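Asks: Before I ask anything, here is the structure I am working with.
Numbering (our numbering), first residue to last: 545 to 802.
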């Protein structure tokens with residue numbers, strides 16, 4: 545069955561393959577967020593409540609250099625490599641490759657930002673612009689809005705040239721990322737200013753980090769959805785290629801695909 549044919553379950557072959565990758569990655573993100581929430585906020589042990597404890601810094605999803613930060617950075621890095629690989633497949637298939645190179649570069653920058661917290665270095669600039677209270681409690685959000693708008697534009701421009709399945713994953717991933725990194729970050733600032741660093745802020749911040757993980761997984765899956773795998777009597781072994789677009793669906797429907 546070709547990638548472009550919709551199955552009885554309402555998903556293409558590439559969508560099914562991408563979902564098979566997405567759910568385990570999202571589950572790992574949920575496990576890390578749940579572990580952080582339970583061990584750091586519910587247990588009675590003081591050692592798990594001391595912010596300076598190495599164990600806390602390792603498990604707290606809000607801490608830089610934590611397991612969660614490493615996992616997100618790994619997802620974005622692998623996603624960037626996968627998008628670059630799909631660009632090669634697209635070029636060999638005679639299709640447009642530059643959108644994949646554009647998204648690969650964006651994922652590299654996001655990975656560097658996640659691992660090095662580059663966005664937090666915009667805090668002084670944000671305060672100079674008048675931010676620092678309410679929804680702009682985290683002042684970097686104000687100049688960060690410009691970067692967020694740039695990421696949104698790049699994504700829309702690239703997604704318009706991608707096949708349907710990768711396009712959906714790409715737009716979903718960026719929308720979730722911006723909703724978490726800007727929307728929930730601003731909501732967290734409002735909570736901090738109104739009720740302080742209590743249970744509500746902990747829940748908001750953990751939700752933000754979990755959604756960011758799911759967003760990174762979705763962006764990685766955009767690359768997964770851009771790869772076509774074919775096997776069967778008509779091909780020698782497993783053939784890896786670029787996913788066909790809608791205009792190729794008729795010719796691809798007669799081929800067997802895994």
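Glycine included, every Cβ here is placed at the ideal spot set by N, Cα and C.
Every value quoted in this text rests on a predicted model; they were computed, and no experiment measured them.
#1: With DSSP collapsed to three states, give me the class of residue 711.
#2: Looking at C-beta atoms only, is the number of pairs between the stretch 597–617 and the stretch 571–580 that lie closer than 8 angstroms three or more?
#3: Please classify residue 670 as buried or exposed, where buried requires at least 16 neighbouring CB atoms within 10 angstroms.
#4: Please state the DSSP three-state secondary structure of residue 770.
#5: According to the Cβ coordinates, are residue 651 and residue 786 closer than 8 angstroms?
#6: Three Cβ pairs or more, each shorter than 8 angstroms: is that satisfied between the stretch 560–570 and the stretch 766–775?
#7: Can we say the stretch 691–703 touches the stretch 727–742, given the rule of at least three CB pairs closer than 8 angstroms?
#8: In whole angstroms, give me the CA-to-CA distance for residue 735 and residue 707.
#9: Which value, in whole angstroms, describes the spacing of the CA atoms of residue 639 and residue 685?
#10: For chain D, check one thing: does any of its Cβ atoms lie closer than 8 angstroms to the Cβ of residue 745?
#11: If you run the structure through DSSP and keep just helix, strand and coil, what is residue 785?
#12: Report the CB separation of residue 574 from residue 754 in whole angstroms; it is logged as a contact under 8 angstroms.
#13: Can residue 678 and residue 727 be called in contact, C-beta distance under 8 angstroms?
#14: Please state if the CB of residue 585 and the CB of residue 748 are separated by a distance shorter than 8 angstroms.
#15: Would you call the CB atoms of residue 557 and residue 761 closer than 8 angstroms?
#16: Could you name the residues of the same chain whose beta carbon sits closer than 7 angstroms to that of residue 616, not counting the 5 residues immediately before and after it, in chain order?
#17: Using a Cβ-Cβ cut-off of 6 angstroms (strictly less than) and excluding sequence neighbours within five positions of residue 667, which residues of its own chain qualify?
#18: So is residue 598 buried or exposed if we call it buried at 16+ other beta carbons inside 10 Å?
Replies: In short, the structure shows the following:
#1: helix
#2: yes
#3: buried
#4: coil
#5: no
#6: yes
#7: no
#8: 41 angstroms
#9: 37 angstroms
#10: Protein chain content of the structure displayed is limited to a single chain, and chain D is not contained in it.
#11: strand
#12: 6 angstroms
#13: no
#14: no
#15: no
#16: 658, 756, 757 and 760
#17: 683 and 684
#18: exposed
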